[in-house]
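Taking the working numbering, the leading residue of the sequence shown gets 15, the next gets one more, and so forth.
One structure is given here, and the rest of the page talks about it.
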Amino acid sequence: MGTLWVVLIAILALIAGVALGFFIARKYMMNYLKKNPPINEQMLRTMMMQMGQKPSQKKIKQMMRSMNNQMDK
């Protein structure tokens, strides 16, 4: 009977540890991506020029704002 409790507690502790680790890692990555966005204005400008578009500053700001809004959701 005592061995059953030890195994049950070990399994519950493992499940709790995995869940807690997942949420901590998720929070860390969200903060990292918010501080270091994967695409900046210069990259966006280069990408648009490669696609054959002449990027205006207004359009770049609009696209950056749209991407930031998507990340906040």
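Just so it is clear, CB atoms sit at the ideal spot from N, CA and C, and this is done for glycine as well.
Span separating the alpha-carbon of residue i from that of residue j
i, j, result
"residue 72", "residue 36", "39 Å"
"residue 33", "residue 57", "36 Å"
"residue 86", "residue 38", "18 Å"
"residue 16", "residue 29", "20 Å"
"residue 59", "residue 68", "9 Å"
"residue 80", "residue 20", "52 Å"
"residue 77", "residue 31", "39 Å"
"residue 40", "residue 49", "14 Å"
As assigned by DSSP and simplified to three states, the class of residue i
i, result
"residue 73", "helix"
"residue 82", "helix"
"residue 67", "coil"
"residue 15", "coil"
"residue 54", "coil"
Close beta carbons around residue i, own chain, < 8 Å, minus the five adjacent residues each side
i, result
"residue 82", "51"
"residue 47", "85"
Proximity below 9 Å, CB of residue i to CB of residue j
i, j, result
"residue 74", "residue 62", "yes"
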